[in-house]
Amino acid sequence: MKHQHLALLLLFLSPLMGIAQKKYNPEVKLNKGDSITYLIQTNVDMTQSMMGQEMKMNVSTQSKNIIAVSDIDKDKYYHLSQLSKEMTVKMKMDQMDSTMLVPDITNLPVLVMSKKGTILRKSVSTNEKGQTMGNDFGDVTASSPFIEFPDRKISEGESWETLQNDTVNFMGGDLITNSKTVYTLIGTDEKEGMKCLKINHKTTADNEGTTTMQGMDFLIEGTTIMEGTTWIDLKTAIPVFIDGTAESQMTLLLSGQQNMTIPLTYKTTFTKKLLK
828 MKHQHLALLL
838 LFLSPLMGIA
848 QKKYNPEVKL
858 NKGDSITYLI
868 QTNVDMTQSM
878 MGQEMKMNVS
888 TQSKNIIAVS
898 DIDKDKYYHL
908 SQLSKEMTVK
918 MKMDQMDSTM
928 LVPDITNLPV
938 LVMSKKGTIL
948 RKSVSTNEKG
958 QTMGNDFGDV
968 TASSPFIEFP
978 DRKISEGESW
988 ETLQNDTVNF
998 MGGDLITNSK
1008 TVYTLIGTDE
1018 KEGMKCLKIN
1028 HKTTADNEGT
1038 TTMQGMDFLI
1048 EGTTIMEGTT
1058 WIDLKTAIPV
1068 FIDGTAESQM
1078 TLLLSGQQNM
1088 TIPLTYKTTF
1098 TKKLLK
């Protein structure tokens, strides 16, 4: 009799156990010629200390980033070209309140990405040095929105991590970032009228960059912690909405005719929304 009761209990629990153990195998599904557009909004509060004086600045940007599938090679890797357009940059600080319209940025890196969202390589424009401020903003806004998934099925509540090394433009020089991101699959959710997988992520990054301006050498170093949530289309693994926050503690070292150490703090909020 006890065995019968146990069998009935297991029979009753089996559907619930199946739900709890449901696994997903997200893969990005794109076709050659496809184009997706994101509306990107950022807000940055910056605090800078120099020679005993504290300066605060707020920078907000809005732009559209267009990602186009220019090719799918024999290894089924996506070649993604990018365009940043309609960028508006607003700056506010003591005795200054200005708005800039940045021309379209066309020389952004071409990303080569696997169906699992791994960026295998990127082709950087030859005009990497001596870029304008617009190009520096473009490098930030054009970072890949895709999530890098493990090469296996994942369950709700499961976490995985990725490591990345990246180089972007920094005032005509290079800013090198070494980062670790931990992803956690929360489950399914409705977002922007679509059925999605909801994924939390936390990135810890070390930053270091150098450049030269007006005869002075600049070195910047520090750390960034970023946290956010991404909703991806359950069918195609294309990100539908991303929001997050980031906090950076940086130090700018100047050497030349005079030496100076400038602490910098950045607090950032951002969203990326897929436009239909």
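First residue of the sequence shown? That's 828 in the working numbering, and the numbers climb one at a time after it.
Where is the CB? At the ideal position from N, CA and C, for every residue including glycine.
Item                                                                                                                                                                       : Value
Which residues share a DSSP beta bridge with lysine 791?                                                                                                                   : Here the chain covers residues 828 to 1103 and nothing more, so residue 791 does not appear.
Checking the sheet assignment: what are the DSSP bridge partners for proline 853?                                                                                          : Per DSSP, none; premise fails for proline 853.
What is the residue span of the beta strand (DSSP E) that glycine 1071 lies within?                                                                                        : 1066-1082
Measuring only the C-alpha atoms, how far is glutamine 991 from isoleucine 946?                                                                                            : 9 Å
If we ignore side chains and look at the alpha-carbon of each, how far apart do methionine 1053 and glutamate 983 end up?                                                  : 22 Å
I'd like the span of the beta strand (DSSP E) that includes glycine 1036, first residue to last.                                                                           : 1021-1040
Excluding five sequence neighbours on each side, which residues of the same chain lie with their C-beta closer than 7 Å to the C-beta of leucine 1079?                     : Phe1045, Ile1047, Ile1089, Leu1091
Would you call the segment 920-927 and the segment 897-911 in contact, with 3 or more CB pairs under 8 Å?                                                                  : no
Assess, as a yes-or-no matter, whether the segment 1032-1044 is touched by the segment 1013-1023 under the definition of 3 or more beta carbon pairs within less than 8 Å. : no
Can you tell which of Asp902, Ser941, Ser1082 has its C-alpha closest to the C-alpha of proline 977?                                                                       : Ser941
Nearest to glycine 860 by alpha carbon, out of Asp898, Met873, Tyr851, Gln889?                                                                                             : Asp898
Helix, strand or coil, according to DSSP, for proline 1090 in the structure here?                                                                                          : strand
Hey, lysine 943 and glutamate 985 are a contact pair by Cβ (cut 8 Å); roughly how many whole angstroms apart?                                                              : That pair is no contact at about 15 Å.
Quick one: using the 10 Å Cβ neighbour count with 16 as the cut-off for buried, is aspartate 921 buried or exposed?                                                        : exposed
Take serine 862 and list the residues in its own chain whose beta-carbon comes closer than 8 Å to its own, dropping the five residues that flank it on each side.          : Ile893, Ile894, Ala895, Val896
Identify whether arginine 948 lies in helix, strand or coil by the three-state DSSP scheme.                                                                                : strand
Could you check which residue in Gln868, Val855, Gly1000 has the C-alpha nearest to that of isoleucine 1065?                                                               : Val855
Is threonine 1063 helix, strand or coil when you go by DSSP?                                                                                                               : coil
If you run the structure through DSSP and keep just helix, strand and coil, what is asparagine 870?                                                                        : strand
Look at the alpha carbon of lysine 1103 and the alpha carbon of phenylalanine 1068, and state the distance between them as a whole number of angstroms.                    : 12 Å
How would you label glycine 1000, buried or exposed, when you count the other beta carbons within 10 angstroms and need 16 or more for buried?                             : buried
Quick check on DSSP: helix, strand or coil for phenylalanine 973?                                                                                                          : coil
DSSP three-state label for tyrosine 904, please.                                                                                                                           : coil
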